[in-house]
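Residue numbers (our numbering), protein chains in the order written: chain A, 1 to 508; chain B, 1 to 508. What follows is a set of notes on a single structure, which appears directly below.
Number of protein chains: 2
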Amino acid sequence: MPEAMTGVMPVMTSAYPELEERFRRLGAIEEAIAMLHWDAAAVMPPGGAASRAEQLATLRVIAHQLLSAPEIADLLAAAEGEANSLGAWQRANIREMRRRWRHAAAVPGDLIEALSRARSESETVWRQARPADDFAAALPGFERVLGLTREIATAKAEELGTTPYEALLDQYEPGGKVALIDRLFDEIACFLPELLDAALARQAASPAAAAPRGPFPIAAQRRAALALMEAIGFDFAHGRLDESAHPFCGGTPDDVRLTTRYDEADFSTALMGALHETGHALYKRGLPAEWRRQPVGAARGMAVHESQSLLLEMQVCRSRAFAGFAAPVLGAIFGGASEAWDAEAVYRRQIAVQPGPIRVDADEVTYPAHVILRYRLERAMIAGDLAPCDLPGAFNDGLKELIGIRPGSDREGVLQDIHWYDGNWGYFPTYTLGALIAAQLFAAARAAIPGLAERIERGEFAALFEWLRHNVHAKGSLLSTAELVEAATGAALGTAAFERHLRERYLG
Amino acid sequence: MPEAMTGVMPVMTSAYPELEERFRRLGAIEEAIAMLHWDAAAVMPPGGAASRAEQLATLRVIAHQLLSAPEIADLLAAAEGEANSLGAWQRANIREMRRRWRHAAAVPGDLIEALSRARSESETVWRQARPADDFAAALPGFERVLGLTREIATAKAEELGTTPYEALLDQYEPGGKVALIDRLFDEIACFLPELLDAALARQAASPAAAAPRGPFPIAAQRRAALALMEAIGFDFAHGRLDESAHPFCGGTPDDVRLTTRYDEADFSTALMGALHETGHALYKRGLPAEWRRQPVGAARGMAVHESQSLLLEMQVCRSRAFAGFAAPVLGAIFGGASEAWDAEAVYRRQIAVQPGPIRVDADEVTYPAHVILRYRLERAMIAGDLAPCDLPGAFNDGLKELIGIRPGSDREGVLQDIHWYDGNWGYFPTYTLGALIAAQLFAAARAAIPGLAERIERGEFAALFEWLRHNVHAKGSLLSTAELVEAATGAALGTAAFERHLRERYLG
Numbered sequence: 001m002p003e004a005m006t007g008v009m010p011v012m013t014s015a016y017p018e019l020e021e022r023f024r025r026l027g028a029i030e031e032a033i034a035m036l037h038w039d040a041a042a043v044m045p046p047g048g049a050a051s052r053a054e055q056l057a058t059l060r061v062i063a064h065q066l067l068s069a070p071e072i073a074d075l076l077a078a079a080e081g082e083a084n085s086l087g088a089w090q091r092a093n094i095r096e097m098r099r100r101w102r103h104a105a106a107v108p109g110d111l112i113e114a115l116s117r118a119r120s121e122s123e124t125v126w127r128q129a130r131p132a133d134d135f136a137a138a139l140p141g142f143e144r145v146l147g148l149t150r151e152i153a154t155a156k157a158e159e160l161g162t163t164p165y166e167a168l169l170d171q172y173e174p175g176g177k178v179a180l181i182d183r184l185f186d187e188i189a190c191f192l193p194e195l196l197d198a199a200l201a202r203q204a205a206s207p208a209a210a211a212p213r214g215p216f217p218i219a220a221q222r223r224a225a226l227a228l229m230e231a232i233g234f235d236f237a238h239g240r241l242d243e244s245a246h247p248f249c250g251g252t253p254d255d256v257r258l259t260t261r262y263d264e265a266d267f268s269t270a271l272m273g274a275l276h277e278t279g280h281a282l283y284k285r286g287l288p289a290e291w292r293r294q295p296v297g298a299a300r301g302m303a304v305h306e307s308q309s310l311l312l313e314m315q316v317c318r319s320r321a322f323a324g325f326a327a328p329v330l331g332a333i334f335g336g337a338s339e340a341w342d343a344e345a346v347y348r349r350q351i352a353v354q355p356g357p358i359r360v361d362a363d364e365v366t367y368p369a370h371v372i373l374r375y376r377l378e379r380a381m382i383a384g385d386l387a388p389c390d391l392p393g394a395f396n397d398g399l400k401e402l403i404g405i406r407p408g409s410d411r412e413g414v415l416q417d418i419h420w421y422d423g424n425w426g427y428f429p430t431y432t433l434g435a436l437i438a439a440q441l442f443a444a445a446r447a448a449i450p451g452l453a454e455r456i457e458r459g460e461f462a463a464l465f466e467w468l469r470h471n472v473h474a475k476g477s478l479l480s481t482a483e484l485v486e487a488a489t490g491a492a493l494g495t496a497a498f499e500r501h502l503r504e505r506y507l508g
Numbered sequence: 001m002p003e004a005m006t007g008v009m010p011v012m013t014s015a016y017p018e019l020e021e022r023f024r025r026l027g028a029i030e031e032a033i034a035m036l037h038w039d040a041a042a043v044m045p046p047g048g049a050a051s052r053a054e055q056l057a058t059l060r061v062i063a064h065q066l067l068s069a070p071e072i073a074d075l076l077a078a079a080e081g082e083a084n085s086l087g088a089w090q091r092a093n094i095r096e097m098r099r100r101w102r103h104a105a106a107v108p109g110d111l112i113e114a115l116s117r118a119r120s121e122s123e124t125v126w127r128q129a130r131p132a133d134d135f136a137a138a139l140p141g142f143e144r145v146l147g148l149t150r151e152i153a154t155a156k157a158e159e160l161g162t163t164p165y166e167a168l169l170d171q172y173e174p175g176g177k178v179a180l181i182d183r184l185f186d187e188i189a190c191f192l193p194e195l196l197d198a199a200l201a202r203q204a205a206s207p208a209a210a211a212p213r214g215p216f217p218i219a220a221q222r223r224a225a226l227a228l229m230e231a232i233g234f235d236f237a238h239g240r241l242d243e244s245a246h247p248f249c250g251g252t253p254d255d256v257r258l259t260t261r262y263d264e265a266d267f268s269t270a271l272m273g274a275l276h277e278t279g280h281a282l283y284k285r286g287l288p289a290e291w292r293r294q295p296v297g298a299a300r301g302m303a304v305h306e307s308q309s310l311l312l313e314m315q316v317c318r319s320r321a322f323a324g325f326a327a328p329v330l331g332a333i334f335g336g337a338s339e340a341w342d343a344e345a346v347y348r349r350q351i352a353v354q355p356g357p358i359r360v361d362a363d364e365v366t367y368p369a370h371v372i373l374r375y376r377l378e379r380a381m382i383a384g385d386l387a388p389c390d391l392p393g394a395f396n397d398g399l400k401e402l403i404g405i406r407p408g409s410d411r412e413g414v415l416q417d418i419h420w421y422d423g424n425w426g427y428f429p430t431y432t433l434g435a436l437i438a439a440q441l442f443a444a445a446r447a448a449i450p451g452l453a454e455r456i457e458r459g460e461f462a463a464l465f466e467w468l469r470h471n472v473h474a475k476g477s478l479l480s481t482a483e484l485v486e487a488a489t490g491a492a493l494g495t496a497a498f499e500r501h502l503r504e505r506y507l508g
């Protein structure tokens, strides 16, 4: 017998292969849901919304039925009993199956279906209400989604042994705890105000960087995004770039669908949006192919997912080194005065700090404040301490308090983000957890890869993404978030690397 | 009790509402499948194909399980027993449910799944093999699809009490019989050769119509298609126009997805392709909204579907009246010499007769020959009388015999159509059945609507589509094809109206 065959080899039990087969089917349905979701956001004509809601609700109910079928509980118990005879990936797969089963079994199917329909309807109304600055129009859908979400959170909390808010958080950040988030967010809230003031003062003391004159035609913006995405390593045989109201990375690992949104007056928002989503895309694409459509082959959670988008956008694409690479590319596409396409000018514009009302347009110094506000507000709403009709006021007061800006309208306030309308409660904290993980991972990558900044400046991204693939992407859900961060960086997740990064970039 | 309440009112039985609920769910899954199919053809990057095959196979298996669940047989028997207490639409719905159940119950789920996967894989290979003119590359997938299709045909034939070929035909043209098709096709084959010769001779005797000079930019071609689609009544709030290798009309009644394909040297192919698909789209869109996702709310079959696309393309858009409306629109978009945009020149170009190898580019005089060839070949292959490896020779010989043209390559021969590679066996005859129905319906519409040609020339399509909606679209699957044709036109389906139409247009 060859040596490779004598180690801990996966042994075929009766329960485990049957579970893999059932989860493969579930995974295929979830991929179908992901594609239909992309379609609704990127290409669907408005009149398709009601039918799409039916389609998604039906598929979600079927997925829920597959996952909460009574046999699954028996199969899981049997597979857990035989886990010692399985390999590490299979054992982790069982653990993730159990986690997914817990979430599903806690909630009756009709509640899932009601929420799915409410989400689709509410999202559709939001798409009209946002440009119309009409929170009142979006409110009934919002309230319905919140009401159903609270019901589900309560049911899941009982099954998982957590608070209702943590049960929602666990959907996006498995094992996420408010105690850790509170500690990390408090540390950030402690150093950030002073750091923001210092960064603004330093910025005010420098002359403004030269800026190119718009308008920047959308076709040219798209060309620029495609050129940089391709240089970074996005594989267009396995993905697309389209347009939607709220940029996102959807689709599947073999067919990644990115979106961004364009503003002719400002090329940077669309470009950085596309590069941010490219970070998500490369993670998705790098997930272990041999575990496709199995729970252990999925992304670890949204904090790690956001770490990959923020690592690319904030750590790489807003660095001085990247500006050196990108400036001539952008200059060739957009044309105009050459001093605006000087690498240092491009860099200085990319790291401009400017407190403002819109989260997705926020710089990385003020961004955590946007997240902390939403985290507080959604916890209060889930707890029943804040009524949706009081949300606009609370939102605007909170932003004023945190970064000194009061949104001038609900479009710039509570209507700006899709999350609550689309039912993604408990998602927001993962953005800032992601920023912390990104800073810590990038510091480790810099230590591991000689001359990383110089490589980036030459447009060489292979070594960085090889490191990320090995340490993050290809791990799928084998490890917990905490284990993954510690294995990759040698330290528990903290705020030190993030603070150091901000101090170096904005005060160094 | 008001009089309206004393008639045959739908009474709620225990079985019927449960069937409606189950078929609603099935309908939603089928809509999801339709959207994913559109996506694969129109926007999916090539690397997504394997995952898409998994998604579609899984959804098709689930649809098949829902349809062939043992309870369905019991519910159908119960509902049929209580049918007298139901309304006409409900009774027709039960009849259509029974038909669908028969097709599903005849075939084991693993065979459905195997065919679904084989279809996706074969279609993907075909997409590469066609431009590469490489039938050998496509052959293994073709053989696998054919083998599985024959297995399924045999199983269904037993359940339906038909021949295997008729069992396949029944999937597209419910109740379709080769005896009727043979009779109609023989009638066509009888008058067509002489008519074709006469039309060619008459055409040769006239000076050629002035033609605009290309190239015709794709963006302008798209603008022209959108402008005419909108004038005709396509509702862009409920549909889109995109591009694919093989033009088709997909999506759902509330979200109709058309495609066409562009050639810069020739604007007419893309334009007529889009208008042809618009005919399908208006049918789909006009299906009875109150029966969405129920079998009786679906299109009657592919012969009626094709009748709607051919009525718009051949009867309307290639008429002299339509040329009068469209010529100035096209002239304004494409520009160039004005004599090429003279209405009579546009009309004469649209009705040019030109025997050629490509079915989708064929004029309406030679088109039936393309269909008759494919009908004969696919019957022979299903019967096991023709091996796929012998198909290219048989195809080329057959076309030579029927219209005097031998394809110069397999790209112009057996690789040109997606149908066999994508598993749509038994579909081809519906094109010519559709042409016959179209001619008969349009003759009836002309008799019913005063000044129809003048309306078309003024760009007024409302009366025509109101007539079609009332007589065809809104009927869904209430009537059989034969009943529908007879109710709308006062006569059984025949070849007389088609022959009269050709004689008037090409020899009149």
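The beta-carbon is built from N, C-alpha and C at its ideal position, and this holds for glycine as well. The model shown is predicted, which means the values in this text are computed figures rather than measured ones.
With a CB to CB cut of under 8 Å and the five nearest residues on each side skipped, what residues in its chain are close to B:Leu115? Against the second sequence, residue 115 of chain B aligns to sequence position 115. Closer than 8 Å at Cβ, skipping near neighbours: Val145, Leu148, Thr149, Ile152 and Gly423.
Please work out which residues of its chain come closer than 7 Å, Cβ to Cβ, to A:Ala270, disregarding the five sequence neighbours upstream and downstream, and give them in chain order. In the first sequence, residue 270 of chain A corresponds to position 270, counting from 1. Closer than 7 Å at Cβ, skipping near neighbours: Gln221, Ala225, Thr260, Arg261, Tyr262 and Asp263.
Closest by CA to B:Glu123, which one among B:Ala50, B:Glu504 and B:Leu310? Mapped onto the second sequence, residue 123 of chain B falls at position 123. Checked all of B:Ala50, B:Glu504 and B:Leu310; the closest Cα to B:Glu123 is B:Ala50.
Ranges of the beta strand (DSSP E) found wholly within the stretch 80–135 of chain B, counting only runs of at least 3: none
Are the C-beta atoms of B:Asp255 and some chain A residue less than 8 Å apart? As a working note, residue 255 of chain B is residue 255 in the second sequence. Interface residue, yes.
Could you check what DSSP says for B:Leu241 in three-state terms: helix, strand or coil? The residue you call residue 241 of chain B lines up with position 241 of the second sequence. Strand at B:Leu241.
Under 7 Å Cβ-Cβ, which residues of chain B neighbour A:His64? Locating residue 64 of chain A in the first sequence gives position 64, where the first residue counts as 1. Those within 7 Å of A:His64 in chain B number zero; the least Cβ separation is about 13 Å.
Starting from A:His238, find everything on chain B with Cβ-Cβ shorter than 9 Å and list it in chain order. Locating residue 238 of chain A in the first sequence gives position 238, where the first residue counts as 1. Correct list: Pro45, Pro46, Gly47 and Gly48.
Same chain, Cβ closer than 8 Å to A:Gly48, five either side skipped, listed in chain order: On the first sequence, position 48 is the one that residue 48 of chain A refers to. Contacts found: Ala40.
Just checking: is the beta-carbon of B:Asp39 within a distance shorter than 8 Å of some beta-carbon in chain A? Locating residue 39 of chain B in the second sequence gives position 39, where the first residue counts as 1. Yes - at least one Cβ of chain A is within 8 Å of the one on B:Asp39.
In the DSSP assignment, find the beta strand (DSSP E) that holds A:Asp255 and state where it starts and stops. The sequence position of residue 255 of chain A within the first sequence is 255, counting from 1. Residues Asp255 to Thr260.
How long is the line joining the alpha carbons of A:Leu399 and A:Ala332, rounded to whole angstroms? Taking the first residue of the first sequence as position 1, residue 399 of chain A is located at position 399. Taking the first residue of the first sequence as position 1, residue 332 of chain A is located at position 332. If you take the alpha carbons of A:Leu399 and A:Ala332, they lie about 39 Å apart.
Counting only runs of 4+ residues fully inside the stretch 137–211 of chain B, write out the alpha helix (DSSP H) ranges in chain order. 164–172 and 178–205
Given that B:Ile372 touches chain A, what residues does it touch there, using C-beta distances under 9 Å? Translated into positions along the second sequence, residue 372 of chain B becomes position 372. Near B:Ile372 there are no residues of chain A at all, since even the closest Cβ is about 38 Å away, more than 9 Å.
With DSSP as the reference, label B:Thr432 as helix, strand or coil. Taking the second sequence and counting its residues from 1, the one referred to as residue 432 of chain B is at position 432. In this structure, B:Thr432 counts as helix in the three-state DSSP scheme.
Checking contacts by CB at 8 Å: is B:Gly7 closer than that to chain A? Here the question's residue 7 of chain B lines up with position 7 in the second sequence. Because the pLDDT at B:Gly7 is just 41, under 50, the model does not fix this residue reliably, and the point stays unresolved.
To which residues of the same chain is B:Gln354 closer than 7 Å at the C-beta, ignoring the five residues directly before and after it? Locating residue 354 of chain B in the second sequence gives position 354, where the first residue counts as 1. Closer than 7 Å at the Cβ level, and outside the excluded window around B:Gln354, lie Asp363.
Closest Cβ-Cβ distance between B:Gln55 and chain A: below 8 Å? Against the second sequence, residue 55 of chain B aligns to sequence position 55. Cβ-Cβ to chain A under 8 Å: yes for B:Gln55.
Quick one: list the residues of chain B neighbouring A:Asp235, beta-carbon separation under 8 Å, in chain order. Counted from its first residue, the first sequence places residue 235 of chain A at position 235. Under the 8 Å cutoff, chain B gives Gly47.
Considering only DSSP beta bridges, list what B:Thr252 is partnered with. On the second sequence, position 252 is the one that residue 252 of chain B refers to. B:Thr252 pairs with B:Asp255.
At 7 Å on the CB atoms, spell out the chain B contacts of A:Thr259, in chain order. Within the first sequence, numbered from 1, the residue matching residue 259 of chain A stands at position 259. Within chain B, no residue comes near A:Thr259; the closest Cβ sits about 13 Å away, beyond 7 Å.
Secondary structure of A:Asp266, DSSP reduced to three states: Working through the first sequence from its first residue, we reach residue 266 of chain A at position 266. Residue state, collapsed to three classes: strand.
At the level of alpha carbons, what is the spacing between B:His470 and B:Cys317? By one-based count along the second sequence, residue 470 of chain B stands at place 470. By one-based count along the second sequence, residue 317 of chain B stands at place 317. In a straight line, the C-alpha of B:His470 is about 21 Å away from that of B:Cys317.
Checking 8 Å against the spacing of the C-beta atoms, do B:Thr444 and B:Pro368 come in under that value? Start at 1 with the first residue of the second sequence, and residue 444 of chain B comes out as number 444. Start at 1 with the first residue of the second sequence, and residue 368 of chain B comes out as number 368. Going by the sequence as given, residue 444 of chain B is Ala instead of Thr. The answer is no: Cβ separation not under 8 Å.
Can you name the residues of chain B whose CB is closer than 7 Å to the CB of A:Thr58? Here residue 58 of chain A refers to the residue found at position 58 when the first sequence is read from its first residue. Listed along the chain, the chain B residues whose CB falls inside 7 Å of the CB of A:Thr58 are Arg25, Ala28 and Ile29.
Rounded straight-line distance, which links the Cα of A:Leu484 to that of A:His473: Walking along the first sequence from the start, residue 473 of chain A turns up at place 473. Walking along the first sequence from the start, residue 484 of chain A turns up at place 484. Distance between the alpha carbons of A:His473 and A:Leu484: 10 Å.
From A:Gly175, A:Val414 and A:Arg223, pick the residue whose C-alpha is nearest to that of A:Ile358; which is it? On the first sequence, residue 358 of chain A is found 358 positions in, with the first residue counted as 1. Minimum Cα distance to A:Ile358 is reached at A:Val414.
Nearest candidate by alpha-carbon position, reference A:Leu479, set A:Val296, A:Ile403, A:Leu76 and A:Asp361: Sequence index remark: in the first sequence, residue 479 of chain A carries index 479 (1-based). Here the closest residue by C-alpha is A:Val296.
Compare the C-beta of A:Arg293 with all C-beta atoms of chain B and state if any pair is closer than 8 Å. What you label residue 293 of chain A is simply residue 293 of the first sequence in a count that begins at 1. Taking Cβ atoms only, chain B reaches closer than 8 Å to A:Arg293, which makes this a yes.
Scan the stretch 115–143 of chain A for residues whose Cβ lies nearer than 9 Å to a Cβ of chain B and list them as they occur along the chain. Within the stretch 115–143 of chain A, no residue places its CB atom closer than 9 Å to a CB of chain B.
Apart from the five residues just before and just after A:Ile403, which ones in its own chain have a Cβ nearer than 7 Å to its Cβ? Residue mapping note: residue 403 of chain A aligns to position 403 of the first sequence, counting from 1. If we look at A:Ile403 and ignore the five residues flanking it on each side, its Cβ neighbours are Pro355, Thr366 and Ala369.
Rounded to the nearest angstrom, what separates B:Met381 and B:Ala387 at their Cα positions? As a working mapping, residue 381 of chain B is identified with position 381 in the second sequence. As a working mapping, residue 387 of chain B is identified with position 387 in the second sequence. Near 6 Å, if we compare the C-alpha coordinates of B:Ala387 and B:Met381.
With 16 as the cutoff for other CB atoms within 10 Å, does B:Pro212 come out buried or exposed? Start at 1 with the first residue of the second sequence, and residue 212 of chain B comes out as number 212. When all chains shown are included, B:Pro212 counts as buried.
How do the stretch 79–86 of chain A and the stretch 15–32 of chain A stand: do at least 3 beta-carbon pairs fall below 8 Å, yes or no? Contact holds between the stretch 79–86 of chain A and the stretch 15–32 of chain A, because three or more Cβ pairs, one in each stretch, are under 8 Å apart.
Would you please verify whether the beta carbon of B:Ser51 is less than 8 Å from any beta carbon of chain A? If you number the second sequence from 1, residue 51 of chain B lands on position 51. For B:Ser51, the answer is yes, since a Cβ of chain A falls inside 8 Å of its Cβ.
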